[in-house]
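Here's the structure we're looking at; comments come further down.
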Amino acid sequence: MNAWLDTAPSTAHQAAVLDKFERSKRRGRNDLVVLRSWQPGKEREERQVARGEFDPLEPGRSTVTVLTKPGHLGYEWVVSYRIDP
């Protein structure tokens with residue numbers, strides 16, 4: 003309900019890639035990136051990215067634009083992300 007009822011406009015945040023790693027799972031792997039957080043009081047955000055987007059990312063050089071909304075219940079949520087060229 004937080005996302006479904008959220009009619010607020012999205013906000014774009016540009017976040018630097020701090021690190022990236024693979025986490026093995028029973029049925030494959032997750033490709034995760036660690037981003038510098040855009041949220042006050044938080045240092046890092048961890049997000050899963052598509053496998054094809056993972057390899058070209060360079061920690062310390064790459065950036066990601068993250069679109070968020072505030073959430074109907076007040077919990078910010080990620081609408082989408084884009085790997086910046």
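With our numbering applied, the sequence shown has no gaps in its numbers, which climb one by one up to 87 at the end.
The beta-carbon is built from N, C-alpha and C at its ideal position, and this holds for glycine as well.
field: 3-residue-minimum beta strand (DSSP E) runs that sit fully inside the region 7-62, ordered along the chain
entry: If we require 3 residues or more, the beta strand (DSSP E) runs fully inside the region 7-62 come out as 13-27, 30-38, 46-50.
- Pairing CB atoms from the region 12-21 with CB atoms from the region 65-73, are three or more of them under 8 Å? Between the region 12-21 and the region 65-73, the count of Cβ pairs shorter than 8 Å is three or higher; the stretches touch.
**Item:** Inter-residue spacing [alpha-carbon to alpha-carbon] between Asn4 and Leu69
**Value:** Walking along the sequence shown from the start, residue 4 turns up at place 2. Walking along the sequence shown from the start, residue 69 turns up at place 67. Their backbone Cα atoms lie some 16 Å apart in a straight line.
query = Three or more C-beta pairs closer than 8 Å, one from the region 25-34 and one from the region 70-86: is that the case here?
reply = Three or more beta-carbon pairs separated by less than 8 Å are not found between the region 25-34 and the region 70-86, which leaves the two stretches without contact.
Rank Val80, Thr13, Leu37, Pro72 by C-alpha distance to the C-alpha of Leu59 and give the top, closest one.
Counting from one through the sequence shown, the residue named residue 59 turns up at place 57. Leu59 has its Cα closest to that of Leu37, out of Val80, Thr13, Leu37, Pro72.
If we ignore side chains and look at the alpha-carbon of each, how far apart do Trp40 and Lys71 end up? Position 38 of the sequence shown holds residue 40. Position 69 of the sequence shown holds residue 71. Between the alpha carbons of Trp40 and Lys71 lies a distance of about 13 Å.
Check: In three-state terms, what does DSSP make of Tyr77?
Finding: The residue given as residue 77 occupies position 75 in the sequence shown. Three-state result, Tyr77: coil.
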